[in-house]
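Enquirer: Sharing a structure below in structure tokens format, with a few things to ask.
In the numbering used here, the protein residues as written are 153 to 579.
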């Protein structure tokens, strides 16, 4: 389903449903006072973002430590399921999915999922979504005694009912991984604390799990690369590029011709390097234009060649660098500790920057940026992302040289004007 259609349904259908359920919750509370119970079986709901599933890792770990060992589950859209699987934290039977391919399929799948939630008898549901009415409704109808999510408090325009038992303040000035941790920490807070939570949660951050591909896993990737270009060997410096921002938020895309300019500059700087473009099969138009612009015999097209995110991670483990828009692969690369250069504009790395120690994020600090936020449900009037266009090819090339230096691959130092935000700045 198209993102804007989902947002409209969430507002026009979700708001009156949330109001009705709030009335029902108030009536129920007259006869049965809501009493928090120790969490034993915890469901996390985060449907729409692959990257957010990675960024929720610390929250999952913390939940598992609660009450001597709570059992976490995760609910996500079917198309994003693998972003949970690659964490190797939850068994497959604890990853629940909703199919959102079309509205009829979504409605039928959501109803079946609700029946499953009732049957599972979760005592705790943690809604990671930012003011989604649909997930708030699922949280209430699940029957869980502990219902945790972000609450609007005095904010206007973000109404999603008043039936959460733990109403956590959303902080738009801290990294989203910390906001997710705050939701779990609400289970440890005094029940009358308003707003939740009044503590520093940074000490609960844990490193992301690191995936290291085995030689057997890498072999078919090198075979694939060599079938596309016989000159590539396992000793080659493989530079990856991801110019496709995706269909959901195309406003996040840096001008695609500049990716080709960066690739050409790096190929000239590093004689043993090869450029490869990644992406799904739908990224083929980007790949064709990239190949045409870069030209030469040191560029290969991997779009549509990887069958899964797990296979993409093996590609990352074979590579020396990833240059990408703000999208899911940014956070997948963090699982491989791959040096990464990420371009931000409509969103800010202060909230959604990758957690890997080898990531460099570029951001223009325009007065209008970021224009995508929880306050507008990530819907912007902007159709010309000048904040991204302001990031020059030269800046990105310099950032790439700095990122490659993490692996001991030498390059020139970045210009003093380079705008870099490392993850240590927002923790």
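Built from N, CA and C at the ideal position, the CB exists for glycine as well.
Everything numeric in this text was worked out from a predicted model, so none of it was measured.
Quick check: what's the CA-CA separation for residue 404 versus residue 477?
Expert: Counted from its first residue, the chain shown places residue 404 at position 252. Counted from its first residue, the chain shown places residue 477 at position 325. So the two alpha carbons sit approximately 7 Å from each other.
Enquirer: What number of angstroms, rounded off, separates the C-alpha of residue 483 from the C-alpha of residue 357?
Expert: Against the chain shown, residue 483 aligns to sequence position 331. Against the chain shown, residue 357 aligns to sequence position 205. The alpha-carbon atoms of residue 483 and residue 357 are separated by roughly 16 Å.
Enquirer: Between which two residues does the beta strand (DSSP E) holding residue 319 run?
Expert: Here the question's residue 319 lines up with position 167 in the chain shown. First-last of the beta strand (DSSP E) with residue 319: 318–321.
Enquirer: Grouping DSSP H, G and I as helix and E and B as strand, with all else coil, what is residue 425?
Expert: The count along the chain shown starts at 1 and reaches residue 425 at position 273. It is a strand residue.
Enquirer: Considering only their Cβ atoms, is the gap separating residue 278 from residue 250 smaller than 9 Å?
Expert: Here residue 250 is taken as the residue at index 98 of the chain shown, counted from 1. Here residue 278 is taken as the residue at index 126 of the chain shown, counted from 1. No.
Enquirer: Identify whether residue 301 lies in helix, strand or coil by the three-state DSSP scheme.
Expert: Here residue 301 is taken as the residue at index 149 of the chain shown, counted from 1. Three-state result, residue 301: strand.
Enquirer: By alpha-carbon positions, which one of 247, 161 and 435 ends up nearest to residue 256?
Expert: Start at 1 with the first residue of the chain shown, and residue 256 comes out as number 104. For the residues 247, 161 and 435, the minimum Cα distance to residue 256 belongs to 161.
Enquirer: Can you tell me where the beta strand (DSSP E) holding residue 344 begins and where it ends?
Expert: For the purposes of this step, residue 344 is taken as residue 192 along the chain shown, with counting starting at 1. First-last for residue 344: undefined, no H or E at that position.
Enquirer: Under 8 Å, with one C-beta from each stretch per pair, do the segment 506–513 and the segment 522–533 reach the 3-pair mark?
Expert: No: fewer than three Cβ pairs fall under 8 Å.
Enquirer: Who are residue 511's beta bridge partners in DSSP?
Expert: Counting from one through the chain shown, the residue named residue 511 turns up at place 359. Note: residue 511 sits in a beta bridge opposite 492.
Enquirer: With respect to the beta strand (DSSP E) encompassing residue 453, which residues constitute its N-terminal and C-terminal limits?
Expert: Here residue 453 refers to the residue found at position 301 when the chain shown is read from its first residue. 451–453 is the span of the beta strand (DSSP E), which, as asked, contains residue 453.
Enquirer: Run through DSSP, which three-state label would residue 504 get?
Expert: Here residue 504 refers to the residue found at position 352 when the chain shown is read from its first residue. Looking at residue 504 - three-state DSSP - the assignment turns out to be helix.
Enquirer: If residue 195 and residue 225 are in contact, beta carbons under 8 Å, what's the gap, nearest whole angstrom?
Expert: In the chain shown, residue 195 corresponds to position 43, counting from 1. In the chain shown, residue 225 corresponds to position 73, counting from 1. About 5 Å separates the two Cβ atoms, so the contact holds.
Enquirer: If we count the other Cβ atoms within 10 Å of its Cβ and call it buried at 16 or more, is residue 232 buried or exposed?
Expert: As a first step, residue 232 must be located in the chain shown, where it is residue number 80. Classification for residue 232: buried.
Enquirer: Assign residue 245 to one of two classes, buried (16 or more other C-beta atoms within 10 Å of its C-beta) or exposed (fewer than that).
Expert: Numbered from 1 along the chain shown, position 93 holds the residue referred to as residue 245. The residue in question, residue 245, is exposed, as its Cβ has fewer than 16 Cβ neighbours within 10 Å.
Enquirer: Exposed or buried, residue 362, counting other C-beta atoms within 10 Å across all chains shown (16 or more means buried)?
Expert: Your numbering for residue 362 matches position 210 in the chain shown. The residue is exposed, with fewer than 16 neighbouring Cβ atoms inside 10 Å.
Enquirer: For the beta strand (DSSP E) that contains residue 498, what are its first and last residues?
Expert: Within the chain shown, residue 498 is the residue found at index 346, counting from 1. From DSSP, residue 498 is part of no beta strand (DSSP E); its letter is neither H nor E.
Enquirer: From this set, 203, 176 and 220, which residue's C-alpha is nearest residue 191's C-alpha?
Expert: Translated into positions along the chain shown, residue 191 becomes position 39. Residue 220 is the option with its Cα nearest to residue 191.
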